[in-house]
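Trainee:
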Amino acid sequence: MREIHLHGSLGDRFGGPFSLEVRDPAEAIRALSCQLEGFKDAILAGQWQVVRGELDAGRTDGEDTLTFALARRQALHILPAVGGAKGGAGKAILGVAMVGAAFATGGLSLAGTAAFGISSSTLAIAGGALALTGVSTMLATTAQTGSYESSASVDERPSFLFDGPVNNSAQGLAVPVIYGEINTGSIVASSGLSVEQLPADE
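Residue numbers in the sequence shown follow our numbering, run continuously in steps of one, and reach 364 at the last position.
(1) What does the alpha-carbon distance come out to for the pair G200 and Y341?
(2) Taking C-alpha atoms, which residue in L241, I205, D363, F230 lies nearest to L217?
(3) Can you check which of these residues, A190, L360, V184, is closest to L168 by C-alpha distance?
(4) In this structure, what does DSSP give as the bridge partners for E165?
(5) When you compare the CB positions of G179 and V212, do they come within less than 7 Å of one another, or not?
(6) Pick out whichever of R175, D174, Q197, D223 has its Cα sitting closest to the Cα of S181.
(7) Check this for me: beta carbons of R214 and Q236, under 7 Å apart or not?
(8) Give me the Cα-Cα distance between G252 and L360, rounded to the nearest whole angstrom.
(9) With 16 as the cutoff for other CB atoms within 10 Å, does R164 come out buried or exposed?
(10) Restricting to Cα atoms, I'd like to know which of E183, G354, W210, R192 is closest to G170.
(11) In the DSSP output, which residue or residues are listed as bridge partners for R221?
(12) Let me make sure I understand the geometry here. Which of Q333, S348, V184 has the alpha-carbon closest to that of V339?
(13) To the nearest whole angstrom, what separates the beta carbons of A204 and R175, a pair I think is in contact under 8 Å?
(14) Would you please state the rounded distance, in angstroms, between the beta carbons of I166 and L238? I believe it to be under 8 Å.
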């Protein structure tokens with residue numbers, strides 16, 4: 163038996179934890195969808211993170227690993243994805259991809275096992291996961307940031323021989339984490355603008 167923990171709005175609505183005999187996260191989602199009225203619709207309506215093991219130190223799954231087997235007695239946590247730039251702290255899984263992995267690969271793996279054995283089941287699951295990855299990639303849009311070289315005219319481009327690195331302030335850029343000494347430009351993570359009306363001199 164494995165403990166399935168629901169967090170955020172899912173935990174408030176459906177409670178938990180649930181003890182289920184499931185092989186992988188996709189099967190856990192399928193089982194909860196069958197047992198809890200409205201669970202499937204709630205998953206479809208949002209973006210979620212799936213964490214194996216401890217909530218703080220566990221491994222976060224992507225849509226391509228939802229059908230990977232859980233370790234023995236490994237807990238599973240389903241929690242709302244934290245908003246932010248693409249490629250943030252956790253992998254956000256679209257609800258559509260989660261439900262698709264839970265229901266589509268279950269039938270494909272059974273049919274493949276019955277007809278051709280284990281190898282076709284594995285191929286069916288891998289194919290389903292690849293299809294879901296493609297769907298989620300098409301649904302998720304990324305801001306087109308371009309590069310500094312493409313946005314600046316030739317005369318304005320600095321030389322690293324005489325100048326320093328360039329500071330970037332485009333939307334959607336990753337915020338790097340650096341250890342040790344390095345000569346680099348900055349990335350603006352947050353900025354603001356305030357307007358003040360000055361009195362006219364008489």
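Glycine included, each C-beta is placed from N, C-alpha and C at the ideal position. Note that the structure is predicted; figures quoted are calculated from it, not measured.
Mentor: So, from the listed chains and residues:
(1) 46 Å
(2) L241
(3) A190
(4) S181
(5) The residue you asked about is not Gly; residue 179 is Pro in the sequence shown. No, these two residues do not count as a Cβ contact at 7 Å.
(6) Q197
(7) yes
(8) Legend: pLDDT at G252 = 47, less than 50; position of this residue unreliable, value from coordinates given subsequently. Each residue's Cα considered, the two are about 46 Å apart.
(9) buried
(10) W210
(11) R214
(12) S348
(13) 7 Å
(14) 5 Å
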